[in-house]
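What follows is one structure encoded as structure tokens, with my remarks underneath.
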DNA sequence: TTAATACCTGAACATCTGCTCAATCGTTCC
DNA sequence: GGAACGATTGAGCAGATGTTCAGGTATTAA
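Chains as they are written, first to last, in my numbering: chain A, 1 to 113; chain B, 1 to 113.
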């Protein structure tokens, strides 16, 4: 007997469909993963996990231009991962998300095995 | 007195540097997040979290071509997230990573708040 | 052998991404 | 006021990304 005949495609698809999440959730998840998928942004998040920093200090720390950092910070701010505070000429950024560090921690454990 | 003068840039950068991870870890993390940052790949992973599936069933489930799925499966296979098993004409794919579901779970909790 | 099925592959394509550069804004100091 | 400094912005660009398309391999069935 053909083993393939024992495989019910319809049933498999129906069952797998239950594991899928709704489109809105999928979009939110991919957005979250995408923001952490760039080295510069990930480093910014890690740096801010300790204390707030001004734009220029982040730029110097990571060895990139202020402009590049500013662009990324805008994205992080839009996604509500960071918040900012003005003080004179400087703008201090800090983490605005308690869960993002958990995510990085779980992922770190994942790659170390 | 100027408040900015109280901010020690050198010390801030030195402190933040400790929170950064080595380049290899950063690369591994961004690679992990990137693979989950595409809706098609994320859905494939979710679908395979229940049971193994052949390429055509995945394609039908997600409403995309076999080719597109095959390309993504190759990437997932390269990154050791999935494994495959041949059975006649069909190739069954299944998850090859126990931790990736934890990551999705933590991220799901994150976006729901 | 021929046809059909399941899957894979490489090239081409449009789109997206992250950076640089130049210009600009806002604040502070002289 | 003007110069200096920190930060932001928009345009432009090179590289990456995901899909389609056409063609290919491998296996099975007639």
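In this text, a Cβ means the ideal position worked out from N, Cα and C, and glycines have one as well.
Item	Value
Locate the beta strand (DSSP E) running through residue 95(A), then write down its first and last residues.	90–95
So if I threshold CB-CB distances at 7 angstroms, which residues from the segment 38–61 of chain A count as touching chain B?	38, 39, 42, 43, 46, 47, 49, 50, 51, 53, 57, 60 and 61
Counting along the chain, where does the beta strand (DSSP E) carrying residue 64(B) start and finish?	Per DSSP, residue 64(B) belongs to no beta strand (DSSP E) and is neither H nor E.
To the nearest whole angstrom, what separates the beta carbons of residue 73(B) and residue 46(A), a pair I think is in contact under 8 angstroms?	Actually they are not in contact, since the Cβ atoms of residue 73(B) and residue 46(A) sit about 31 angstroms apart, beyond 8 angstroms.
So that I know if they touch, is there some Cβ in chain A lying closer than 7 angstroms to that of residue 28(B)?	yes
What separation, rounded to the nearest whole angstrom, lies between the Cα atoms of residue 58(A) and residue 13(B)?	8 angstroms
Nearest to residue 39(A) by CA position, among 28(A), 104(A) and 96(A), is which residue?	104(A)
Listing by chain order, which chain B residues have their CB less than 7 angstroms from the CB of residue 19(A)?	46, 47, 49 and 50
What number of angstroms, rounded off, separates the C-alpha of residue 106(B) from the C-alpha of residue 102(A)?	8 angstroms
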